[in-house]
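So in the numbering used here, the last spot in the sequence shown is 396, and the numbers never skip. Ideal placement from N, C-alpha and C gives every residue a C-beta, glycine not left out. Okay, so here's the structure we're looking at.
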Amino acid sequence: MQHPSINPRIAALSPYKPGKPVDEVARELGINDIVKLASNENPMGPGEKVQQAIAEAATELSRYPDGGGFALKAQLAEKIGVEPSQLTLGNGSNDVLDLIARVVLEPGAEAIIAEHSFVVYRLAVTCCGGDLVTVPAKHYGADLTAMLEAVTDNTRLIFIANPNNPTGTRVGASALLPFLQAVPEHVWVVLDEAYLEYVEDADHVNGVTVLAQFPNLIVTRTFSKIYGLAAVRFGYSVSSPAFADLLNRARQPFNVNSLAMAAVMAALEDDDYVAQSIALNRAGMKQMTEGLTALGYDFIPSAGNFVAFDCGESGGDLFQRMLKEGVIVRAIAEYGLPNHVRVSIGLAAENERFLAVLGKVGANAAGSGAGNKNAPGS
Ligand SMILES: *Cc1c(COP(=O)(O)O)cnc(C)c1O
C-alpha cells in the first residue's frame, strides 16, 4: 500500500530509464569491448583543455562554488551575444527545464508538448502539479499549428525541442517564427536547443537571436552534447532579465558546481573541439543512414547526433539482442515509438560495429523470423 503522505502525482510517475551504462553491461556480459550509442553523448570524449581545467579546479574543492556564476556568466554572455542578466545556470539543462516549470506552473495550469517529445518536460510539469496536454505529432515532429490550437486560457507553457529527441525532427524558421508571433502573451514558450549546433539546414532559428522580438520566449542549451560534458551536468537558459530573475529566485543557490564551471569555461574557448564534433557527426550520420538503408530499415531524418529507425519489431526486443552483442542502443517505446530504436552517432568504427550487429541480429537479418516490411526483396 502507498504511504498516505506521498504526492500521488509522483507515485504515478514511471522511473526515468537512462541509457544502460557501459560498466553495468560489461559486468553482466563479462566482456570489455562494448559500444554505447544510447545517450547522444559526444563520441570524441572530453577535450584536453577541459580535463586540465578540472584538474586545476580540484585544488579548491573544499570551497563552495560561486553561487552566482559571475565569471562563467560573463564569458558565456559574451560568447552568445546576450547580457549576463538574461542567463540562468543549471545542473544540466534538465535542471533549468524543471525550474521553468516550477516558476510558471501551479496545480491546474496547463503545459503543451508535442507527441514523442523529450521525456523531461513531462516530469517537470507533473512534479509541480501542472496538467500536460500532448498534441499529436505530424510526420513524427511537432505540429505547431495544432499546438497553437491547443492553447487555452489555462495554458501557461509550451515546450518545443528543436531538434527534438528522440525523433531528430525539427521545426524550420518558416514555421517557428509565425508560431511565436501567434502565441498569446500569457503563454511562455521554451525552445530547447540541446542539439542546435548540429543543425545544417539554413531554414532554422537560433532562438537567442530572436529573444528581443518575443518577450515570452525562453531558450535552453546544454553542454552535454556537442561540448562533450554530459557527466559534468551543465546547461543554461536565456530569457528576459525579469524572467531570469524569477528563475534565479527559485534556483538552489549552488546548483552548478565548481568543476562544472571550470570545465565549461575551458570548453567555451575550444572552438576546434566543436568544429571537429560537427564534422564527425556529419560523416557519421551519413555512414549510419546509408548503412540503415542498405539493411532495409526506414529511419526518421534527423537534425541531431542520433537517428531513430523503424526496426520492424519491438524496439525492446532488438535492444536486448544487440546488448548481448555488446552494442547498447535505446528503445523508445516510452516516447510512443514501440517499433523504433534510437542510435547515437558514434566514431566511425562504433557505427560500423552497430551496423554489423544490426545486420546480424536485426529483424531484416537473413533467416530472422521477425521480418521487416521494408526488407529488400520482401
Ligand atoms: C540531452 C538533452 C538535453 C540535455 O539535458 P542535460 O540535462 O543538459 O544533460 C535537453 N534537451 C533535450 C531534448 C535533450 O535531448
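Pick from the options that is closest to residue i, judged by C-alpha positions
| i | options | result |
| --- | --- | --- |
| D51 | L336, C145, L141 and I346 | I346 |
| Q323 | A191, A193, S23 and L298 | Correcting the residue type first, residue 323 is Asn in the shown sequence and not Gln. It is L298. |
| V250 | A56, V40, N60 and S295 | N60 |
| G40 | A29, G63 and A56 | Rather than Gly, the amino acid found at residue 40 in this sequence is Val. The shortest Cα separation from V40 among A29, G63 and A56 belongs to A56. |
| A76 | K304, Q305, A281 and M306 | A281 |
| P184 | I24, P22, A29 and G37 | G37 |
| E308 | Q294, A366 and F261 | A366 |
| E133 | L162, L90 and I118 | L162 |
| L247 | L198, P64 and A381 | P64 |
| M340 | R360, H21, V361 and L376 | L376 |
| P202 | R188, E211, I176 and A220 | I176 |
| A168 | R174, N25 and V153 | V153 |
Alpha carbon of residue i to alpha carbon of residue j, nearest angstrom
| i | j | result |
| --- | --- | --- |
| S80 | A278 | 15 Å |
| K35 | R27 | 18 Å |
| N112 | V207 | 16 Å |
| A92 | A321 | 30 Å |
| A404 | E368 | Because residue 404 is not part of the residues shown, which for the chain are 19 to 396, the question remains open. |
| R300 | N182 | 17 Å |
| G344 | S192 | 42 Å |
| N275 | T311 | 44 Å |
| A164 | I131 | 11 Å |
| G253 | Y245 | 11 Å |
| E128 | E370 | 44 Å |
| M62 | F317 | 24 Å |
| G148 | E124 | 6 Å |
| N397 | V205 | Not covered by the structure: residue 397. The range shown for the chain is 19 to 396. |
| V138 | T227 | 25 Å |
| V223 | N58 | 22 Å |
| Y158 | E74 | 45 Å |
| K391 | C146 | Unreliable placement is indicated for K391, whose pLDDT of 49 sits below 50; the coordinate value is still reported in the next sentence. When rounded, the distance between both Cα atoms is 43 Å. |
| P394 | V379 | Because P394 sits at a pLDDT of 47, beneath the cut-off of 50, its placement in the model cannot be relied upon, and the following sentence gives the value as read from the coordinates. Approximately 16 Å, taken between the alpha carbons. |
| K54 | A95 | 34 Å |
| I72 | Y82 | 15 Å |
| F136 | A179 | 7 Å |
| V100 | S257 | 9 Å |
| I98 | R45 | 43 Å |
| T43 | P33 | Correcting the residue type first, residue 43 is Val in the shown sequence and not Thr. Between V43 and P33, the C-alpha separation is close to 20 Å. |
Near ligand 2: residue i beta-carbon under 7 Å from a heavy atom
| i | result |
| --- | --- |
| D288 | As presented, the structure is devoid of ligand 2, carrying ligand 1 as its sole ligands. |
Chain B contact for residue i (CB, 8 Å cutoff)
| i | result |
| --- | --- |
| N182 | In the structure shown, chain B does not exist; there is a single protein chain. |
- Message: Restricting to runs no shorter than 3 residues, where is the beta strand (DSSP E) found entirely within the stretch 224 to 309?
- Response: 235 to 240 and 253 to 256
- Task: Give every residue whose Cβ lies closer than 5 Å to any heavy atom of ligand 1, listed in chain order.
- Result: G110, S111, N112, F136, A179, N183, D210, A212, T240, S242 and G253
- Message: Counting beta carbon pairs with one atom in the stretch 63 to 76 and one in the stretch 285 to 292, are three or more of them shorter than 8 Å?
- Response: yes
- Taking contact to mean at least 3 C-beta pairs separated by less than 8 Å, is the stretch 324 to 335 in contact with the stretch 254 to 270? no
- Would you check if there are 3 or more beta carbon pairs closer than 8 Å linking the stretch 94 to 111 to the stretch 259 to 266? yes
- For the stretch 108 to 177, which segments carrying the beta strand (DSSP E) assignment without a break, of at least 3 residues, lie completely within its bounds, in sequence order? 128 to 132 and 149 to 153
- Query: Is it true that the stretch 349 to 356 meets the stretch 211 to 231, where meeting means three or more beta-carbon pairs spaced less than 8 Å apart?
  - Reply: no
- Can you check the stretch 308 to 395 for any beta strand (DSSP E) of at least 3 residues that lies completely inside it and give the ranges in chain order? 324 to 328, 348 to 350 and 355 to 362
- Would you mind listing the alpha helix (DSSP H) stretches within the stretch 60 to 116 that are 4+ residues and don't spill past its ends, in chain order? 66 to 75 and 88 to 98
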